[in-house]
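Peer 1: A single structure is presented below for examination.
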Amino acid sequence: SMIFYLIFFFMFIMVMFSVGFFTLMERSVLSYIQFRKGPNSVGILGIFQFFSDGLKLFSKEMMWPLNSNFLIYFFCPMFSLVQSLFFWVMYPYLVNMVEFIYGVLFFLCCSTLGVYGLMICGWSSNSVYSMLGSIRSISQSISYEVCLSMF
1416 SMIFYLIFFF MFIMVMFSVG FFTLMERSVL SYIQFRKGPN SVGILGIFQF
1466 FSDGLKLFSK EMMWPLNSNF LIYFFCPMFS LVQSLFFWVM YPYLVNMVEF
1516 IYGVLFFLCC STLGVYGLMI CGWSSNSVYS MLGSIRSISQ SISYEVCLSM
1566 F
């Protein structure tokens, strides 16, 4: 049981690192398309650029709407992150404690959970424009899910 948690923690750390390196790769490709150098100021060839970008994002000024439900509005992105990490439970690895016979159904259920994060974030801001934007995103997500579930 302990080995399962160690493997899960290791996979979580590797997923977070891969997101950082994909962001670095995206920025490098976009810079080469524009005929300029990519992010290369932090570390050797910009390897630690995503660490400095993350520190910059966490140290920036916190702003939220004045009349918003602060706790819900603050924790909603974390809720969406946890929802997106549910997909990694399906990933097969050596010590697989969970057998996914209905993996496609689990994938569809997890993808529909992302709508709730959008809805709650738009609602908790107590702004008409944020709510309209979240309704637009929800309708777009649901239409994509309907097309995806048909195949």
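Take 1416 as the starting number for the sequence shown in this note's numbering and just add one per residue.
Glycine included, every Cβ here is placed at the ideal spot set by N, Cα and C.
1) Under three-state DSSP, which class holds Arg1451?
2) Cutting at 8 Å between CB atoms, please list the residues of its own chain near Asn1541, excluding the five before and the five after it.
3) Under a three-way DSSP split, which group does Leu1563 fall into?
4) Using only alpha-carbon positions, find the residue among Ser1556, Ile1428, Val1457 that is nearest to Cys1525.
5) Can you name, in chain order, every residue of its own chain whose Cβ lies under 7 Å from the Cβ of Ile1553, other than the five neighbours on each side?
6) Can you have a look at Gly1537 and say buried or exposed, based on whether 16 or more other CB atoms are within 10 angstroms of its CB?
7) With DSSP as the reference, label Ile1459 as helix, strand or coil.
8) Around the Cβ of Tyr1506, are there at least 16 other Cβ atoms within 10 angstroms (buried) or fewer (exposed)?
Peer 2: If we stick to the structure as given:
1) In the structure shown, Arg1451 sits in coil (DSSP, three-state: anything other than H, G, I, E or B).
2) Only Pro1480, Asn1482, Ser1483, Asn1484 meet the Cβ criterion.
3) Note: Leu1563 maps to helix in three-state DSSP.
4) Closest by C-alpha distance to Cys1525, out of Ser1556, Ile1428, Val1457, is Ser1556.
5) Within the same chain, and ignoring the five residues on either side of Ile1553 in sequence, the residues whose Cβ sits closer than 7 Å to its Cβ are Val1530, Leu1533, Met1534.
6) For Gly1537, the number of other beta carbons within 10 angstroms of its own is at least 16, and it is reported as buried.
7) Assignment of Ile1459 by DSSP, reduced to helix, strand and coil, places it in the helix class.
8) Burial call: exposed.
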